[in-house]
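Residue numbers (the working numbering), protein chains in the order written: chain W, 1 to 355; chain H, 356 to 710. Even for Gly, the Cβ is constructed at its ideal location relative to N, Cα and C.
Number of protein chains: 2
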Amino acid sequence: MKREERPRRATIHDVARSAGVSAATVSKVLRGVATVRKENADRVRTAVAELDYRMDPLASSLRNESRRIIGAVVPDLESPFFGALVTGLQDAAERAGYHLIVASSRESEEREAELVARMNDWRVAGTLLAPVRSERGRGAETLRALDMQAVLVDRVSDDERYDTVSADNYQASANVADFLLGLGHRHVLLHGATQVSKAIRTRLAGFTERAKALDAGVQVDTVLSDADADVPHRSICKYFETRAPADRPTAVFSLSQHSTLRVAAELRRRGIRVPEDIALVGFDDADWMQTTWPSITAVAQPVHTMAEHAMATLLARIEGNNDGAPVQHLEACEMLVRESAGPETEVPRRRTRGN
Amino acid sequence: MKREERPRRATIHDVARSAGVSAATVSKVLRGVATVRKENADRVRTAVAELDYRMDPLASSLRNESRRIIGAVVPDLESPFFGALVTGLQDAAERAGYHLIVASSRESEEREAELVARMNDWRVAGTLLAPVRSERGRGAETLRALDMQAVLVDRVSDDERYDTVSADNYQASANVADFLLGLGHRHVLLHGATQVSKAIRTRLAGFTERAKALDAGVQVDTVLSDADADVPHRSICKYFETRAPADRPTAVFSLSQHSTLRVAAELRRRGIRVPEDIALVGFDDADWMQTTWPSITAVAQPVHTMAEHAMATLLARIEGNNDGAPVQHLEACEMLVRESAGPETEVPRRRTRGN
DNA sequence: TATCATCAATAAATCGATTTACAGAATTTG
DNA sequence: CAAATTCTGTAAATCGATTTATTGATGATA
Numbered sequence: 001m002k003r004e005e006r007p008r009r010a011t012i013h014d015v016a017r018s019a020g021v022s023a024a025t026v027s028k029v030l031r032g033v034a035t036v037r038k039e040n041a042d043r044v045r046t047a048v049a050e051l052d053y054r055m056d057p058l059a060s061s062l063r064n065e066s067r068r069i070i071g072a073v074v075p076d077l078e079s080p081f082f083g084a085l086v087t088g089l090q091d092a093a094e095r096a097g098y099h100l101i102v103a104s105s106r107e108s109e110e111r112e113a114e115l116v117a118r119m120n121d122w123r124v125a126g127t128l129l130a131p132v133r134s135e136r137g138r139g140a141e142t143l144r145a146l147d148m149q150a151v152l153v154d155r156v157s158d159d160e161r162y163d164t165v166s167a168d169n170y171q172a173s174a175n176v177a178d179f180l181l182g183l184g185h186r187h188v189l190l191h192g193a194t195q196v197s198k199a200i201r202t203r204l205a206g207f208t209e210r211a212k213a214l215d216a217g218v219q220v221d222t223v224l225s226d227a228d229a230d231v232p233h234r235s236i237c238k239y240f241e242t243r244a245p246a247d248r249p250t251a252v253f254s255l256s257q258h259s260t261l262r263v264a265a266e267l268r269r270r271g272i273r274v275p276e277d278i279a280l281v282g283f284d285d286a287d288w289m290q291t292t293w294p295s296i297t298a299v300a301q302p303v304h305t306m307a308e309h310a311m312a313t314l315l316a317r318i319e320g321n322n323d324g325a326p327v328q329h330l331e332a333c334e335m336l337v338r339e340s341a342g343p344e345t346e347v348p349r350r351r352t353r354g355n
Numbered sequence: 356m357k358r359e360e361r362p363r364r365a366t367i368h369d370v371a372r373s374a375g376v377s378a379a380t381v382s383k384v385l386r387g388v389a390t391v392r393k394e395n396a397d398r399v400r401t402a403v404a405e406l407d408y409r410m411d412p413l414a415s416s417l418r419n420e421s422r423r424i425i426g427a428v429v430p431d432l433e434s435p436f437f438g439a440l441v442t443g444l445q446d447a448a449e450r451a452g453y454h455l456i457v458a459s460s461r462e463s464e465e466r467e468a469e470l471v472a473r474m475n476d477w478r479v480a481g482t483l484l485a486p487v488r489s490e491r492g493r494g495a496e497t498l499r500a501l502d503m504q505a506v507l508v509d510r511v512s513d514d515e516r517y518d519t520v521s522a523d524n525y526q527a528s529a530n531v532a533d534f535l536l537g538l539g540h541r542h543v544l545l546h547g548a549t550q551v552s553k554a555i556r557t558r559l560a561g562f563t564e565r566a567k568a569l570d571a572g573v574q575v576d577t578v579l580s581d582a583d584a585d586v587p588h589r590s591i592c593k594y595f596e597t598r599a600p601a602d603r604p605t606a607v608f609s610l611s612q613h614s615t616l617r618v619a620a621e622l623r624r625r626g627i628r629v630p631e632d633i634a635l636v637g638f639d640d641a642d643w644m645q646t647t648w649p650s651i652t653a654v655a656q657p658v659h660t661m662a663e664h665a666m667a668t669l670l671a672r673i674e675g676n677n678d679g680a681p682v683q684h685l686e687a688c689e690m691l692v693r694e695s696a697g698p699e700t701e702v703p704r705r706r707t708r709g710n
């Protein structure tokens with residue numbers, strides 16, 4: 001009977017003793033190094049099973065320069081998008097034998113920089129950063145300053161230092177322009193809840209540039225506003241308030257999920273019917289959009305693919321399988337056409353432009 | 356000039372050397388132990404600032420039996436509820452000087468058990484487990500088997516071994532019963548997407564028992580179904596299909612957010628108007644519920660308070676400030692009355708019971 | 001003044017793994 | 001058969017902190 005009152009966990013030395021070999025040999029077997037006689041390897045494996053041995057990832061990581069830990073910093077964990085992203089990252093990291101440490105910057109750039117520094121404290125092998133703002137934000141800056149291995153995800157465009165992975169916001173928004181103008185809309189409102197996010201700026205540019213290219217006479221209004229408080233709500237209110245019904249846009253393209261919610265709420269509040277009076281397309285799909293009435297046409301981001309690709313890219317860098325120039329990877333999005341805007345819907349009021 | 360090609364991070368020994376003291380002294384200063392002469396303490400702090408020293412949490416944790424790491428295992432990260440829970444936990448853990456390691460069991464009990472074991476591998480000081488099923492599931496079982504410090508959150512009732520924290524599902528559901536019966540409803544459908552979750556079973560019991568107590572003649576139908584695939588969808592379909600409009604319930608109480616979405620979709624599909632034909636109350640509030648039409652009356656869970664309380668409870672156990680019997684803590688919920696069911700709404704078709 | 005506490009500081013052990021450097025055995029080569 | 005080479009296995013160093021045991025120095029007490 002053991003002397004310890006509490007059954008201490010078996011260490012690699014216990015396994016070694018039980019198998020009648022040295023700790024170094026056990027380590028070799030566990031890490032799959034070939035230079036071990038089969039007989040000894042078997043005895044080690046038996047001892048591991050018998051003692052119910054499990055490696056301490058902390059002790060294991062300490063010795064090595066490259067620790068088998070990957071950090072992920074995302075702007076928030078309460079939105080399904082980043083929730084799904086993190087879930088995908090965790091899955092991919094585990095499959096590659098890495099641990100994932102997750103932290104939310106809660107949309108604060110200051111916190112983001114601190115979290116990146118903290119990931120560096122953990123001596124992570126690499127970091128996946130979904131910046132609050134863009135590849136020029138404080139988090140990315142800290143990555144550079146600390147010379148860390150990293151991949152930037154979402155809310156980014158290309159970068160001279162890091163690989164980036166994001167939805168093809170530009171192309172997807174251009175497609176929305178094609179779609180809405182194809183339906184005959186010539187006066188569109190763009191609404192975005194924040195001017196901070198690079199992704200949202202890109203969506204705005206994608207739509208606007210394509211729309212102008214298709215028809216220079218198109219009227220594109222924009223209501224942009226900084227994030228916090230109810231400012232975005234009030235600004236969209238004011239837009240509709242100060243605008244005669246005859247001068248209303250015939251379609252709205254909301255540039256984020258949050259924004260879509262705002263717009264839908266405001267339209268309902270004012271009794272403006274969708275899609276009869278106004279068509280609505282939102283960027284970023286959500287469960288509820290197919291259930292609400294009318295169901296909402298939305299651009300869906302392939303979040304799982306993005307997670308997969310981002311992790312694969314990072315791992316390639318970490319493991320030295322890629323030392324080429326940084327690559328900007330864009331994932332194609334899909335537009336899910338629903339009731340709030342679609343071919344069956346006529347354009348509300350066709351008006352020829354010309355003030 | 357240093358000889359290293361890459362500027363190695365400063366260690367505690369570098370700080371010690373720079374301050375002209377021993378590593379042990381530096382450690383004392385950093386951990387706030389009093390037995391250090393003020394002059395030396397100041398020199399240490401200066402050296403820390405100069406060398407830009409940051410402690411390696413990994414190395415720091417290794418020596419101590421109780422590592423300053425807390426594990427959190429939740430059923431999923433894609434729902435706002437658990438996302439918010441994790442955010443709250445992370446905040447609380449950080450304030451107490453702990454690191455939080457998060458993992459999603461993805462609604463799999465097997466994975467849950469494995470993740471709990473993995474938290475034990477990290478030698479976490481304690482674990483917050485939001486079980487897939489209940490306090491009797493595989494994760495909790497593993498916690499017990501490994502004799503870990505833990506607090507169980509959500510989807511649990513009381514437990515003889517661990518403190519638990521959850522919304523007061525029973526009372527909140529009883530309140531829904533009071534509310535709906537108070538409005539005159541005498542035939543209610545309860546719909547839950549899964550029979551697995553303890554929380555949902557409790558909500559069912561809370562409503563049913565109170566309803567029966569208020570009026571033994573109340574008719575409560577239940578459509579329960581196991582999670583995956585589209586089974587829940589089909590079962591709610593069938594319910595309405597095989598039921599003459601005259602025999603329809605006058606209200607639905609959906610027992611989860613997901614379920615609310617299902618029910619709302621199905622009612623719309625069949626052209627059943629809410630609240631004119633049928634009233635709807637959902638358990639678990641979401642952003643979109645105040646925007647959708649009609650806006651949906653829902654029970655909101657105080658998720659941030661729950662996170663706060665759960666972490667406080669765990670820390671008290673860890674730090675030995677509490678060795679009393681395990682406590683079941685219930686957080687009161689709030690019902691947000693909106694258009695889908697409310698006092699202004701008349702009960703659709705009043706019918707006297709009696710088959 | 002001699003003896004006993006008290007206080008500050010440190011050297012060395014420790015946590016649990018990995019890795020390095022080296023030794024002995026087995027095998028191949030000249 | 002001796003020398004060179006390859007295989008296996010181990011002792012010891014290492015990662016970066018914390019903790020323990022111990023040593024001096026200082027102050028208090030008899």
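CA-to-CA distance, residue j to residue i, given in whole angstroms
| i | j | result |
| --- | --- | --- |
| T297(W) | D121(W) | 44 Å |
| E65(W) | R123(W) | 8 Å |
| D284(W) | R422(H) | 40 Å |
| A145(W) | S695(H) | 54 Å |
| L280(W) | H191(W) | 11 Å |
| A448(H) | L214(W) | 53 Å |
| V188(W) | E107(W) | 29 Å |
| S590(H) | L579(H) | 8 Å |
| A130(W) | A72(W) | 8 Å |
| T577(H) | V531(H) | 15 Å |
| G357(W) | S373(H) | Shown here, chain W extends from 1 to 355; a query on residue 357(W) therefore has no answer. |
| A56(W) | R210(W) | The residue you asked about is not Ala; residue 56(W) is Asp in the sequence shown. Their Cα atoms are separated by approximately 55 Å. |
| H664(H) | A599(H) | 47 Å |
| L128(W) | L336(W) | 29 Å |
| M644(H) | R693(H) | 9 Å |
| R262(W) | G83(W) | 21 Å |
| V274(W) | S650(H) | 16 Å |
| Q195(W) | E515(H) | 52 Å |
| R672(H) | D502(H) | 13 Å |
Cβ-based neighbour list, residue i, same chain, cut-off 7 Å, excluding 5 preceding and 5 following
| i | result |
| --- | --- |
| R705(H) | Here R705(H) scores only 44 on pLDDT, less than 50, and its place in the model should not be relied on; the value that follows carries that caveat. Around R705(H): G539. |
| V15(W) | V26, V44, A47, V48, L51, Y53 |
| R558(H) | N524, S528, L610, F638 |
| I69(W) | S61, Y98, H99, I101, W122, V124, A125 |
| S134(W) | R155, V156, K198 |
| V575(H) | V543, L545, T563, A566 |
Assigned exposure category for residue i - 16 Cβ within 10 Å defines buried
| i | result |
| --- | --- |
| K212(W) | exposed |
| K393(H) | exposed |
| Q301(W) | buried |
| V153(W) | buried |
| A13(W) | Position check: residue 13(W) holds His in this sequence, whereas Ala was assumed. Label assigned to H13(W): exposed. |
| A229(W) | Note on A229(W): pLDDT 49, under 50, position unreliable in the model; the coordinate value appears next. Label assigned to A229(W): exposed. |
| E689(H) | exposed |
Proximal residues to residue i (C-beta, below 6 Å), its chain only, five neighbours per side dropped
| i | result |
| --- | --- |
| H613(H) | A548 |
Residues near residue i in its chain [Cβ-Cβ closer than 8 Å; skip 5 each side]
| i | result |
| --- | --- |
| A384(H) | In the sequence under discussion, the amino acid at residue 384(H) is Val, which differs from the Ala named in the question. Taken in chain order, the residues that qualify are V391, N395, A396, V399, R400. |
| A113(W) | R138, G139, E141, T142 |
| D91(W) | A307 |
| A96(W) | M311, L315 |
TODO: Quick one: which residues of the segment 602 to 620 of chain H get their C-beta closer than 7 Å to a C-beta of chain W? List them in chain order.
DONE: Sequence-ordered contacts of the segment 602 to 620 of chain H with chain W read L616, A619, A620 [C-beta pairs closer than 7 Å].
Open item on the list: Along the segment 645 to 657 of chain H, where does the CB come closer than 8 Å to a CB of chain W? Name the residues.
Closed with: Close to chain W, meaning a Cβ-Cβ distance shorter than 8 Å, are the following residues of the segment 645 to 657 of chain H: Q645, T646, T647, W648.
- [ ] Output, in sequence order along the chain, the residues in the segment 48 to 66 of chain W whose CB is closer than 9 Å to any CB in chain H.
- [x] Correct list: R54, M55, D56, P57, L58, A59, S61, L62.
TODO: Flag this pair as touching only if the segment 518 to 536 of chain H and the segment 678 to 694 of chain H have three or more C-beta atom pairs under 8 Å; answer yes or no.
DONE: With a cut-off of 8 Å, the segment 678 to 694 of chain H and the segment 518 to 536 of chain H count as touching, because enough Cβ pairs lie within range.
Open item on the list: Across the segment 435 to 443 of chain H and the segment 67 to 78 of chain W, are there enough close Cβ pairs to call them in contact, namely three or more that are closer than 8 Å?
Closed with: With a cut-off of 8 Å, the segment 67 to 78 of chain W and the segment 435 to 443 of chain H count as touching, because enough Cβ pairs lie within range.
Open item on the list: Could you check whether the segment 258 to 269 of chain W touches the segment 590 to 599 of chain H, counting it as contact only if at least three pairs of C-beta atoms, one from each stretch, sit closer than 8 Å?
Closed with: The segment 258 to 269 of chain W, when compared against the segment 590 to 599 of chain H, does not touch it at the 8 Å Cβ threshold.
Task: the segment 528 to 546 of chain H touching the segment 600 to 616 of chain H, judged by at least three CB pairs closer than 8 Å - done: Flag = yes, the segment 528 to 546 of chain H and the segment 600 to 616 of chain H touch.
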